[in-house]
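Beneath this line is the structure, given in structure tokens, with notes to follow.
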Amino acid sequence: MQRWLRLCLLIVLFEMLGRTQCVITSQGMERGKVEEREFEGWLTRDPTDYIMSILSKRKVSSPSAATQNTYFDEDNLTFKKGPYPGFPNKVIGMYILLADDTEKGFETDANWEPKLHPYQQAGANVLFFTFINPETMKIPRSFKKLAATRGTNVDGAVPEDTLIIFAIGGYQYSIDPNPWEWLTSREKAEDMAVEVAKWRDLYGIDGIDLDIEEGAGSRKAAGPNLLHFIRKLKSIHPDLLVSQPTYGYPQVQAEIDVINGSWRPGGDKTGLADSIGLMVYEGTQALIYVKNYASGTSQWQGFPIQVDVPKQSILLGCKGSSSSSAINQLAKEAVRQDLMGVMVWYCSVRNGLKYAETWDCSGRPDSESGFVEAMGLFKKYADY
-7 MQRWLRLCLL IVLFEMLGRT QCVITSQGME RGKVEEREFE GWLTRDPTDY
43 IMSILSKRKV SSPSAATQNT YFDEDNLTFK KGPYPGFPNK VIGMYILLAD
93 DTEKGFETDA NWEPKLHPYQ QAGANVLFFT FINPETMKIP RSFKKLAATR
143 GTNVDGAVPE DTLIIFAIGG YQYSIDPNPW EWLTSREKAE DMAVEVAKWR
193 DLYGIDGIDL DIEEGAGSRK AAGPNLLHFI RKLKSIHPDL LVSQPTYGYP
243 QVQAEIDVIN GSWRPGGDKT GLADSIGLMV YEGTQALIYV KNYASGTSQW
293 QGFPIQVDVP KQSILLGCKG SSSSSAINQL AKEAVRQDLM GVMVWYCSVR
343 NGLKYAETWD CSGRPDSESG FVEAMGLFKK YADY
């Protein structure tokens, strides 16, 4: 009877919203049609928990470029460069929305002033600047502006010791463009690596996040050429961090190739990717999927992951709007299991872009305080 009532509820919801529904997968982006993906236990809660109206994707209004106050000379930006110690022992990494070429006012060349909220300054030690369009690979103006504030102590600045990771791709940019042109051959991948290596020299970034998902990530050539890209990049800057998001159950071939190429059975590193992040965001469910990567060689024969990723290299996915109790449970388990920490999808900045507001940490005092408290836990109990 309970299952029948749930089915009836879903039907009513679809009719009320004119069937413009979508299922959340990956980095919080929406699909234009109803489609559930079975990951062997992925949908373990009420299916309505995973369904969201496409109408809830919106951005907040932002002042026009002509009326915004610029607190530094954009033509003469300076960037904090080094030292580059690698990831902290325990990480809270927030994806902050800064650019999207499909959103008016927040395109790559848009002129606006991103500023962090106080809770982001106190509750995160890694910031994923989100997203670079893989078709152009051009650094958004908002990335440059916010990166230039690191260590300056101006209003909304990035703290001096917070790591900055430039995120490439995302769900929408994996659908279009498809393929990513620079992943269609080894030569193009290595040429792009040379260009991306310059980002360290120009902007002082600590690393990149390769969020290639279904679509471009399913191309046969994408994974092998992504490995060529990373290998060339690391030959130029061995200490430039590379993070690889992945579904709880591995299914995007390029992600699988990067993970299998970055570690060995038993957990030894090959010098390529430095971390993986589990794109499972509801409650504390990311904990269920750790074994798929930490014990990849112990799964069933033919399992896609054929290596063992050290737990110290695994980030647990966390929904931005999670309750403080869920956030702190993830943090405590990260300490107990010696996992790398928590990655958060997503957090809007002041003046900034929003997707589904029900996923946003900003504006939710309980969520905001939860991340600050979790960071305090990491500082207290970890070799930080």
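Read in order, the letters of the sequence shown correspond to residues -7 to 376 in the working numbering. Ideal Cβ positions, reconstructed from N, Cα and C, are used throughout, including at glycine. All of these numbers come straight from a predicted model, not from anything done at the bench.
Between the beta-carbon of Ala140 and the beta-carbon of Thr70, is there less than 8 Å? Yes.
What did DSSP end up calling Trp292 once you bin it into helix, strand or coil? Secondary structure at Trp292: coil, using DSSP grouped into helix, strand and coil.
So within the region 260 to 333, which uninterrupted beta strand (DSSP E) runs reach at least 3 residues, ignoring any that extend past its ends? Counting only runs of 3 or more residues that sit fully inside the region 260 to 333, the beta strand (DSSP E) segments are 267 to 270 and 306 to 311, in chain order.
Determine which residues share a DSSP beta bridge with Leu233 and list them. Partner(s): Gly199.
Which partner residues does Lys107 have in the DSSP bridge list? BP columns for Lys107 point to Arg342.
Over what stretch of residues does the alpha helix (DSSP H) that includes Gly362 continue unbroken? Counted as a single uninterrupted DSSP element, the alpha helix (DSSP H) harbouring Gly362 occupies residues Pro357 to Tyr373.
Name the residue from Phe123, Asp249 and Ala189 whose alpha carbon lies nearest to the alpha carbon of Leu90. For the residues Phe123, Asp249 and Ala189, the minimum Cα distance to Leu90 belongs to Phe123.
Measure from the alpha carbon of Arg342 to the alpha carbon of each residue in Pro237, Asp260, Pro110 and Tyr373, then state which is nearest. For Arg342, the nearest C-alpha among the options comes from Pro110.
Residue span of the beta strand (DSSP E) that contains Phe135, given as start and end: If you look at Phe135, you'll find it isn't in any beta strand (DSSP E); it sits in the alpha helix (DSSP H) that goes Arg133 to Ala139.
Do you know how far the Cα of Lys190 is from the Cα of Gly294? Between Gly294 and Lys190, the C-alpha separation is close to 39 Å.
Rounded distance between the beta-carbons of Ala208 and Ser235, thought under 8 Å: No, Ser235 and Ala208 are not in contact; Cβ-Cβ is about 17 Å, not under 8 Å.
Contact set for Gly275: own chain, Cβ-Cβ below 6 Å, skip 5 residues either direction: Listed in chain order, the non-local C-beta contacts of Gly275 below 6 Å within the same chain comprise Ala318, local neighbours out to five positions each way being set aside.
Between the CA atoms of Pro169 and Lys73 - distance to the nearest angstrom: Cα to Cα, the separation comes out at about 32 Å.
Quick check: the region 95 to 108 against the region 118 to 133, are at least 3 beta-carbon pairs closer than 8 Å? Because the criterion of three Cβ pairs below 8 Å is met, the region 118 to 133 and the region 95 to 108 touch.
Here's the rule: buried if 16 or more other CB atoms are within 10 angstroms of the residue's CB, otherwise exposed. What is Asn252? Classification of Asn252: buried, given that the 10 Å Cβ count is 16 or more.
For Asp153, is the classification buried or exposed, using 16 other Cβ atoms within 10 angstroms of its Cβ as the cut-off for buried? Flag for Asp153 reads exposed.
Whole-number beta carbon distance between Gln304 and Met332, since they are thought to touch under 8 Å: So it is a contact: roughly 6 Å between Cβ atoms.
Given a cut-off of 8 Å on the beta-carbon distance, is the pair Trp398 and Val186 in contact? Only positions -7 to 376 of the chain appear in the structure, and residue 398 is not among them; the question remains open.
Can you check DSSP and say which residues form a bridge with Leu89? Bridge partners of Leu89: Thr122.
Hey, how far is the Cα of Leu307 from the Cα of Tyr285? For Leu307 and Tyr285, the distance between alpha carbons rounds to 11 Å.
Using CA atoms only, rank isn't needed, just tell me which of Met129, Leu233 and Glu182 is closest to Lys224. Selected option, being the one with the closest Cα: Glu182.
Span separating the alpha-carbon of Ser287 from that of Phe221: Looking at the two C-alpha atoms, the distance is approximately 26 Å.
For Val327 and Arg142, the rounded distance between their alpha carbons: Looking at the two C-alpha atoms, the distance is approximately 28 Å.
Could you have a look at Trp337 and say whether DSSP puts it in helix, strand or coil? In the structure shown, Trp337 sits in a strand (DSSP, three-state: E or B).
Helix, strand or coil for Val186, going by three-state DSSP, please let me know. DSSP places Val186 in helix when its eight states are reduced to three.
Could you check whether Glu127 and Tyr163 sit closer than 8 Å to each other, using their CB atoms as the reference points? In this structure, the beta-carbon distance from Tyr163 to Glu127 does not fall below 8 Å.
As assigned by DSSP and simplified to three states, the class of Val146: Note: Val146 maps to coil in three-state DSSP.
Looking at the structure shown, is Trp255 part of a helix, part of a strand, or coil, going by DSSP? Trp255 sits in a strand when the DSSP states are folded into three classes.
Buried or exposed: where does Glu173 fall if 16 or more other Cβ atoms within 10 Å of its Cβ makes it buried? Glu173 counts as exposed, since fewer than 16 other beta carbons sit within 10 angstroms of its beta carbon.
Would you kindly work out how many angstroms separate the C-alpha atoms of Tyr195 and Lys107, rounded to a whole number? Computed Cα separation, rounded: 17 Å.
Could you check what DSSP says for Phe158 in three-state terms: helix, strand or coil? In this structure, Phe158 counts as strand in the three-state DSSP scheme.
When the Cα of Cys339 is compared with those of Met86, Pro75, Tyr76 and Gly78, which residue comes out closest? The shortest Cα separation from Cys339 among Met86, Pro75, Tyr76 and Gly78 belongs to Met86.
Straight-line Cα distance separating Ile84 from Phe363: Roughly 8 Å separates the two Cα atoms.
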